[in-house]
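Peer 1: Going by the working numbering, the residue at position 90 of the sequence shown is 90; the numbering climbs one at a time, nothing skipped. Take a look at this one; I'll ask things after.
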Amino acid sequence: MRAGVALIGSAPRVIVVHRDSDNVDPFERRVEVESAVRAASSGSHPVPVIPVKMTEAWLLLDEQAIRTVAGNPRGKLPLGLPKTHEVESRADPKAILADCILRASELTGRRRERLSKRFSDNRRQLLERLDHLGPVASLASWQALVDDVDEAVLELGGPDGPTRPSARR
Numbered sequence: 001m002r003a004g005v006a007l008i009g010s011a012p013r014v015i016v017v018h019r020d021s022d023n024v025d026p027f028e029r030r031v032e033v034e035s036a037v038r039a040a041s042s043g044s045h046p047v048p049v050i051p052v053k054m055t056e057a058w059l060l061l062d063e064q065a066i067r068t069v070a071g072n073p074r075g076k077l078p079l080g081l082p083k084t085h086e087v088e089s090r091a092d093p094k095a096i097l098a099d100c101i102l103r104a105s106e107l108t109g110r111r112r113e114r115l116s117k118r119f120s121d122n123r124r125q126l127l128e129r130l131d132h133l134g135p136v137a138s139l140a141s142w143q144a145l146v147d148d149v150d151e152a153v154l155e156l157g158g159p160d161g162p163t164r165p166s167a168r169r
């Protein structure tokens, strides 16, 4: 927070905070994020980003993007990806995603090992390619994120919204 204030010269109007739910009730995580932002800042509007499990669960919804990031966009090997309705209930989506990227690559040996060491970069690429209007849009956690962003825009002077901070939560 202090670094942000130093950078822009004042408290930011909106603070977006990512916090995976990690098997804790998403409402509890939301309260945690909002309390922390309010304690650290006066007048900043918190926008919590809280996937039900982990952000990686959202990335499991785009098989073609996984194949592309793995370097094998025309691959046909089944990846065993979870269905949309079960993606956020699977244990350890980060491990599932890492495994799917390796399977999609169809690499072996040293090349496969090098790919496994690039997981963070592969995940970043998948986040950049995430189709916000695709299957992720049907997940409650994604819809909550979109609603929070829309509300922040309205409360902070967006389309026909007020320009004062809200006492919403």
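Even for Gly, the Cβ is constructed at its ideal location relative to N, Cα and C.
Taking the continuous alpha helix (DSSP H) assigned at P93, which residues delimit it?
Peer 2: For the purposes of this step, residue 93 is taken as residue 93 along the sequence shown, with counting starting at 1. Counting along the chain, the alpha helix (DSSP H) containing P93 begins and ends at 93-105.
Peer 1: Tell me the DSSP bridge mates of P78?
Peer 2: What you label residue 78 is simply residue 78 of the sequence shown in a count that begins at 1. None, per the DSSP bridge assignment.
Peer 1: Suppose you measure from the CA of R110 to the CA of K117; what does that come to, to the nearest Å?
Peer 2: For the purposes of this step, residue 110 is identified with residue 110 of the sequence shown, where counting begins at 1. For the purposes of this step, residue 117 is identified with residue 117 of the sequence shown, where counting begins at 1. If I take the Cα positions, the gap works out to 11 Å.
Peer 1: Is I15 helix, strand or coil by DSSP?
Peer 2: Here residue 15 refers to the residue found at position 15 when the sequence shown is read from its first residue. Three-state result, I15: strand.
Peer 1: Mark S105 as exposed unless 16 or more other C-beta atoms lie within 10 angstroms of its C-beta, in which case mark it buried.
Peer 2: In the sequence shown, counting from the first residue as 1, residue 105 sits at position 105. It counts as buried.
Peer 1: For G9 and R2, what's the separation of their Cα atoms in angstroms?
Peer 2: As a position in the sequence shown, residue 9 is number 9, starting the count at 1. As a position in the sequence shown, residue 2 is number 2, starting the count at 1. Rounded to whole angstroms, G9 to R2 spans 10 Å at the Cα level.
Peer 1: Between L107 and L115, is the Cβ-Cβ spacing less than 9 Å?
Peer 2: Here the question's residue 107 lines up with position 107 in the sequence shown. Here the question's residue 115 lines up with position 115 in the sequence shown. Yes, the Cβ-Cβ distance between L107 and L115 is below 9 Å.
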